[in-house]
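Below: the structure, in structure tokens.
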Amino acid sequence: MAFNALCIWKGLLFVSSLFLSVHGKASGPSFMVTFPALIESGSEAKLCASLLKPNESLVMNIYLLDGDQSTLLLQEKAEKEFHRCFNFQTPQVEAESVQTMKVELQGENFKMTEERKVLFRRYNPLTLIQTDKPIYIPGQTVNFRVVTMDKTFVPFDQKYSTVVLEDNQNNRIGQWTNISSTRWILQLSHQLNPEARQGRYKLKAYIGEQVITHYFEVKKYVLPKFEMTMNAPKEISFGDSKMNMEMNTRGCASLTLDTSVFFNSKNERFLKEQLTVKVNVTEEGTENTLEKSATISLTYESGKATFTELPKIYEHGSIIHGKIKLANLNGAPLQNKEVYILEGKMWSSKRLLNLTTDSDGLASFSLNTSSLSKSDINLMASAYPEFKLQGFKNLYFSTDEKTIRLLRPASSYTPTLSELIIENIEQPLKCDAEFTVTIKYYFIGETVEDFKTDIVYIVLSRGVIVHHGYEKVEVKSSDGAASGTVSFKLSVRADLAPAVQILAYCVLPSDNVVTGSTKFDTEKCLRNNVSLQFSPAKAVPDRMGSRVQEAGRPGVKTVRTFFPETWIWQLTEVGDSGSAQVPVTVPDTITSWETEAFCLSSKGLGLAPPAQLTVFQPFFLELSLPYSIIRGEIFELKATVFNYLSKCIMVKVTPAPSSDYTLKASSDDQYSSCLCANGRKTFKWILTPSVLGLLNITVSAEAEASQTVCDNEIVSVPERGRIDTVTRSLLVQAEGTEKTETYSWLLCPKGDSLSEEVDLTLPKDVIEGSARSSVSVIGDILGRALKNLDGLLQMPYGCGEQNIAILSPNIYILQYLENTKQLTSAIRERATGFLKSGYQRQLNYRLYNGAYSTFGQGNGNTWLTAFVLRSFGKAQKYIFIDPKIIQSAKKWLINKQDSDGCFIPQGRLFNNRMKGGVNDNVTMTAYITASLLELETPITDPVVTKGLSCLKAVTEDVNNIYTTALLAYTFSLARDTDTRQQLFKKLEGVAISDGSHLHWSQSGSADDSDSLAVEISSYVLLAVLTTDSVTPADLGFANRIVSWLVKQQNAYGGFSSTQDTVVALQALSLYATKVFSSDGSSTVTVQSAGDTHHFDVNQDNKLLYQEKQLQNVPAKYSIEVKGSACVSVQIAQFYNIPTPTEAKTLSIDAKIEGDCKKTFGQDLLLNFTVTYNGPQAKSNMVIVDIKLLSGFTADTSLLEPPPISRTSLVERLDSKDDHVIVYLKEVQKNIPVNLQIELKQVLPVKNLKPAVIKVYDYYQTSDQSEMEYSSHCE
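As numbered in mature numbering (1 follows the signal peptide of the UniProt record, and there is no 0), residues -24 to -1, 1 to 1250 make up the sequence shown, in order.
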């Protein structure tokens, strides 16, 4: 059994046509053969045959002809009439085949042959894909199931060659191959990345050449806090002056809208064919708003005149009786209105009668036909005395036109007036019930006085004859018209669902064939009867569905945190008893859940009717507090209690005690209160934090027993849910700006001991209480990065380069752990999860031609496309990457290669300090060629050969240190030892040596330890280690580079920006692979006066991140390592200082303005200016990080992105927690960039402190500036 809905009926109703053939000669034998025009191949089908008026012994032969092949399906010899159905085996066909059904009827004196075409089609098994929701928010998990059944809904295990998930650009973002269902169900899931594009996504399941597709939407939305329904008319007339409509939220409201203002002559020329009605409902107190709209069609039709109770035939000279009904557009009767009967067609019509409607809008009439011509009569019911052609944009009443047939003798040469009518039955037909099907017959104009005929009926479902029979009818003295009924019983079984078609026919003495047909829908009748129910049907949040708390027992405090959109999605096996109890925890959402279940067994499919669980909290509590505040600020904590009971309660609200903050009672100081039905009450305290960090604030509300009379009634205590507890977090931050310092060592004692010393100091202006220090130890050089795979950089990553840079380190760490046999299933799952998310997110920046750009628009970027190609090519070993994605990027890059082998740069280098010395196409060519070689492209490949030729031609002329290092790595990959050695000589000449440390910088200065220096040094390390045989001298040289690189690592295992982090971790992972040892252990002692910490590192815990807080800061600490295993030691210091005002190459200036008249709900405008005055003509990408004032939010009326004045330089905007991040493409030197953002106060905070706005170069983070801004209304 599986829960939730499965729409199994979509596409299952095969609309079949039935071939009915009647052949014979007047007064001689005739036959009828019926069979579906479309029949499933390889199945057992049924055809029905009738023989009428045999006058000798006859033989009926039915053949199936396929070209020259003939198959006898039926041979029946008869001397009497018969109506019989016969089964036959249909042929197997590959796809479709049109064949011929041939019928022969032969006797000694009679022979007749007829042929009709029939289509045989092979049907694939029925495969259904079900998702747990129709719409997903980016970042949510798509849960889905695949089930395959035969045509009778009997499931079977199926092997699917491929199951894929495609995004709205048809990129494959998920794939499963050669995967089979278990117990008939294949259940899978895929997590969307938080940046997933919005649009229609596809799930596809492949069974051979058959493809089954299921669509769902990815869309950003917010679930409404309450529900609103609106009932409005679908259509109104321009003649209506009022329109009635209803709305329902928690109570009904009926509205009558005055529409005359739209329909006056002044507005007529602006009117369209529809009105749109929009209704906004705002919840008092929370200000949550919900909008509904309805589209109403407009028509100039004011109403209509229609005939009722009018006969279909008449005899000339008789009186025709009938009625005319006049009603407005909505069907309401119009009384005391004149109506008219016209006879004839359009302009040739003449008026026969003038009538007036009664109180029911009806006008009865009697029409003598003696004066009319002896023919069929065409009558019109009209609101006008003569035929009127409606003018353009004029109000009108529509007319009704009916033709009454003149009774004539029936003949096979004239259309018959006789008919068979199958009476309607209330639908849908209930499963396992028996119904009486009634067929009314009207035989008109038959000249034979007494005759007999058989009314034959055939019942079909899903294109198959499932039931048949006939009833005899005897007509005596018909006088030209006879009527009556026949009936038969129909039992509704699974093979009749989801609908039945009934065909009835008979042959009259005039040789006319009379037919009638209808269709009845059935319930979803299946072979398994399934029911589902909740016990109890009403529950409070956080209760097990099978447990009920008895009245009088003590209440249980609950903290509501479980708010899923889809609640139950699971498989449960039902045993021999045929039932199962599934305990579930009730979600905290106050709503009604509708749940369905379907069952699969060897008998077939079963579908349970929906069952509802109402989650009802008698009363509940909501807390209002800001996301964060700064120490020294205080705010009013509000706890609002809502009572959804129909009775009054006495509620007591109590905050949990805490040493982290103090609460001061508000002015009324009342925390117990009456709360009557549908009421609410807000309780307030002044909250003052006493510590820094993340605080938990907990408040409980309890319904107490009391003798107090509230609103003239004694208060009650709910049996369940009489206590509600809510916990919310508050971040208390220190003043000023946070600074981070790290001290890192890679220590390899080799059986002896090694020691280091560090003097931990704090600046004089450190903010009191903000300093904290810790030491961490790990037995692997990549261990710190492994711990923080998703947070190597505490920076935004909202562009294409930054995203792929976050993805790539996962690949290198997976490669390292796999090569050293340290990769566990838990690490693999975590790392591949980040890879999958990063892959999906990167597709947001893919262009139609296969290239990638920084923000997914404009022209492709050569550097970024190569970076993605290199990363995706390596990642496909660990996760699914659509091959066409890789190939299209490679093809685009190849097209950028010039005739000399060099690649033409398109798009900018991310760090402009890479430039200098040579043309950018050399650096670009080196990077692309290295990328292709890393992906194991053969050196003999023409693209690689030409690329290396381009590079070799300029090697001697290169004087750019970055390019030299990159070339050294490229030729190391190409195994060109001569060129490699030549480049190493250049690098050795500009190396910066400091004892055991070695590195390179772009400027050649020892003080230059910026991002580019890390990247250059990492390329040199890669070049040293990329050789067929790494010597001890190579490792000694590499060790000096590694020692310097480790010292540059930040507290999270990354470096200062994206590119340096990617290349450094790639180099470190290669180094760690080369020096890995599975032996050895070490002990680490970190101490100062009065503060000592010991760590043990061995082969069992070498990947364990060990961290301890340092208590004595400032102080001098010593680090001693003893043993035989390398350890990575890092001391990290975090502290706040007053926000510095000094600006270097980037500066920020901010001013705030707005109306301060409001004591709360102020709207402020933050104006800020970014200026660049560095050595380059323009900066790299610049990030502006705006911390919002406490209690304020950026105006999110458009939700995403925040409303900010856009210029061509603003590439992207993000909002996260209490920060707004602005991405600037670049800032031109000495040209200020002016921007604005609106701030709105949502919670009152007193003693409001300044907030910090920071600007920095993303790829050269040392270029930064900060300043404080504050509200001028304080």
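For glycine and all other residues, C-beta sits at the position ideal for the given N, C-alpha and C.
Using a threshold of 8 Å, state whether the C-beta atoms of residue i and residue j are closer than that.
i            : j     : result
N1112        : A710  : yes
S213         : T275  : yes
V1103        : S1045 : no
A802         : I789  : no
A749         : I1107 : In the sequence as presented, Ala is not what sits at residue 749; that position holds Ser. Cβ atoms of S749 and I1107: closer than 8 Å.
Y177         : N144  : yes
V693         : L597  : no
E171         : P101  : no
L405         : V462  : no
residue 1339 : Q1217 : Here the chain has residues from -24 to 1250 only, and residue 1339 is not among them.
T345         : Y389  : no
T841         : V898  : no
K872         : Q882  : yes
L671         : V708  : yes
L318         : L328  : yes
L819         : N147  : yes
residue 1255 : A181  : Here the chain comprises residues numbered -24 to 1250, so residue 1255 is not present and cannot be evaluated.
F595         : V629  : no
G1056        : A1101 : yes
Helix, strand or coil: which one does DSSP assign to residue i?
i     : result
E1242 : strand
K533  : Its pLDDT being 39, under 50, K533 is placed unreliably by the model, and the measurement read from it follows with that caveat. Reduced to three states, the DSSP call for K533 is coil.
V1051 : helix
T1135 : coil
S213  : strand
Y360  : coil
R696  : coil
K763  : helix
P131  : strand
Identify which residue in the options has its Cα closest to the Cα of residue i.
i            : options                       : result
residue 1253 : L1219, N1223, Y1234 and L1215 : Residue 1253 falls outside the range modelled here, since the chain spans only -24 to 1250, and no answer is possible.
G1137        : E1118, A1170, N1149 and W868  : A1170
Q816         : G150, L34, I754 and N306      : G150
L1122        : T1135, L1086, V1160 and C1132 : V1160
I606         : T664, A999, P586 and L589     : T664
E1083        : T684, S1100, T1061 and P5     : T1061
L305         : F373, T284, Q311 and S342     : F373
L251         : T258, S269, T265 and V257     : S269
Given a threshold of 16 other Cβ atoms within 10 Å of its Cβ, counted over all protein chains shown, does residue i qualify as buried or as exposed?
i     : result
L23   : buried
S1019 : buried
E964  : exposed
N169  : buried
G1066 : exposed
W323  : exposed
K1163 : buried
D1194 : buried
R121  : buried
E1242 : buried
G745  : exposed
N1210 : exposed
E678  : buried
Please look up how many angstroms separate the CB atoms of residue i and residue j, rounded, as I've assumed it's under 8 Å.
i     : j     : result
T375  : S358  : 4 Å
I610  : K1222 : 5 Å
G554  : F129  : With a Cβ gap of about 18 Å, G554 and F129 do not count as contacting.
F1144 : D1125 : 7 Å
G492  : I398  : 5 Å
E16   : R92   : So it is not a contact: roughly 18 Å between Cβ atoms.
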